[in-house]
Structure formats: C-alpha cells, structure tokens
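**Q** Heads up: the sequence shown is residues 4 to 173, going by my numbering.
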Amino acid sequence: MRDYLSKAGHLILQHCLDNKIGRVVVGVNPGWKQAIKIGHVNNQNFVQIPFWKFRRFLAYLCEKNGIEYVEITESYTSKASFLDRDLLPEFDPEHTEKYVFSGKRVKRGLYRSANGQGVNADLNGAANILRKACPGINLSRVSHALCLNPIRLYPLATIKKRTLKSKAAA
C-alpha cells in the first residue's frame, strides 16, 4: 500500500511539474470514515486506505517542489453541477432547509446536468472542489470528451514504464 501511494504521489507531482501546475487542490471530508455503511467487505477495504498519510505525503512533495497544496471541504461537491455552475454551500448541521441542485447523479459514475448533458460523476465532484478552492476559475476549456471519458492513470504501471524508458535511453 505504501509503495502504491508513494508512486501515486510522485505521478501527481510529475504531472504538475510537466504541465507547470502551481497548485494542487484536495477535497477533504472530516470524519468521512466514521460509521460508514457501504457493506461489510467494502467497509473493511475502504477504511484500510490511509488517505490521511497520502495527503500528508502529497503536501510534503508539493512543498518540497514549490507547489501550493490546498485542502478544501468537499461538502455538496458531488450533488452540485459544475456544468450549470450550481451554488456550492458549506455544510452546516443547523441548516434545516434542503438545498436544491440543477442536476443529479443518475447511476454509478454518471452525473446528468440540468440540460441533460452527461458528465463523469467523479470529474463533476473534482471540478466542484476546484471551483470551491478557486472561485474565479474558468473551466470552460474542459473538453466534453474528457468529461465523459476521463483519463485513468495506473501509478504502478506508469512508473514502471517511465523507468524502463529512461533505462533504454541511457
């Protein structure tokens, strides 16, 4: 697990350095592993993932390389539509009225906006986390193809390929 998280952190760092990205934004949800109910096996697997350690490691890598590391609460980021620019309220346990959002998650991995446009649910949440951290950010350049089919990275395979390529070049 530690090896995987280390490689994932270095993969994120390398992407930032290659693309001149100066800020990494991570969504956090305090207490999110407490009393979760996603099934016996899933509970055991999910709770074992050391997200706190990964966040600390990623923060260390960013700081060491001059990249700003920001943590932001991810309340309502999965329910709000980034395509429709929905309001992103902060969680308040005393707020009794239900927030209404323009779109909704229709099935695992798919979020449908108000006009019926589909977007990957994880990408929708990630874009909203970015909107919370950087309210003036312009996400209009995000490709529609990327919204539907985000690129999935495999840290173990990616690092291995880079190592093999660099050895072959030497």
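The beta-carbon is built from N, C-alpha and C at its ideal position, and this holds for glycine as well. All figures in this text were calculated on a predicted structure; none of them were measured in a lab.
1) Would you say the segment 82–90 touches the segment 50–68, given that touching needs at least three Cβ pairs under 8 Å?
2) Which of helix, strand or coil does DSSP assign to residue 23?
3) Using C-beta distances below 6 Å, list every residue in its chain close to residue 21, excluding the 5 sequence neighbours before and after it, in chain order.
4) Report back the beta-carbon spacing between residue 62 and residue 158 to the nearest angstrom; my notes put them in contact at under 8 Å.
5) Between residue 153 and residue 123, which are expected to be in contact by the criterion C-beta below 8 Å, what is the C-beta distance as a whole number of angstroms?
6) Could you work out which residue in 112, 104, 79 and 56 is closest to residue 96 when comparing CA atoms only?
7) Buried or exposed: which applies to residue 130, given that a residue is buried once 16 or more other Cβ atoms fall within 10 Å of its Cβ?
8) Is any non-hydrogen atom of the ligand HEM found closer than 6 Å to the C-beta of residue 15, if you look at the structure I gave you?
9) Under 8 Å by Cβ, that's how I've got residue 179 and residue 32 pegged, so tell me the actual separation to the nearest angstrom.
10) With a 10 Å radius around its C-beta and 16 neighbouring C-beta atoms as the bar for buried, classify residue 106 as buried or exposed.
**A** In this structure, then:
1) Cβ pair count under 8 Å is below three, so no.
2) Numbered from its first residue, the sequence shown carries residue 23 at position 20. Here residue 23 sits in coil by DSSP.
3) The residue labelled residue 21 in the question sits at position 18 within the sequence shown. Counting only Cβ-Cβ distances below 6 Å, and skipping sequence neighbours, we find nothing.
4) Sequence index remark: in the sequence shown, residue 62 carries index 59 (1-based). Sequence index remark: in the sequence shown, residue 158 carries index 155 (1-based). At roughly 18 Å, the Cβ-Cβ gap does not stay under 8 Å, so residue 62 and residue 158 are not in contact.
5) Residue 153 sits at position 150 when you count from the first residue of the sequence shown. Residue 123 sits at position 120 when you count from the first residue of the sequence shown. Yes, residue 153 and residue 123 are in contact; Cβ-Cβ is about 5 Å, under 8 Å.
6) Residue numbering aside, residue 96 sits at position 93 when the sequence shown is read from its first letter. A check of alpha carbon separations from residue 96 across 112, 104, 79 and 56 identifies 79 as the nearest.
7) Locating residue 130 in the sequence shown gives position 127, counting from the first residue. With 16 or more other Cβ atoms from the protein chains shown falling within 10 Å of its own Cβ, residue 130 counts as buried.
8) Because no ligand of any kind appears in the structure shown, any question about the ligand HEM cannot be addressed here.
9) Not covered by the structure: residue 179. The range shown for the chain is 4 to 173.
10) Numbered from 1 along the sequence shown, position 103 holds the residue referred to as residue 106. Counting C-beta atoms within 10 angstroms of its own C-beta, residue 106 has 16 or more neighbours from the protein chains shown and is therefore classed as buried.
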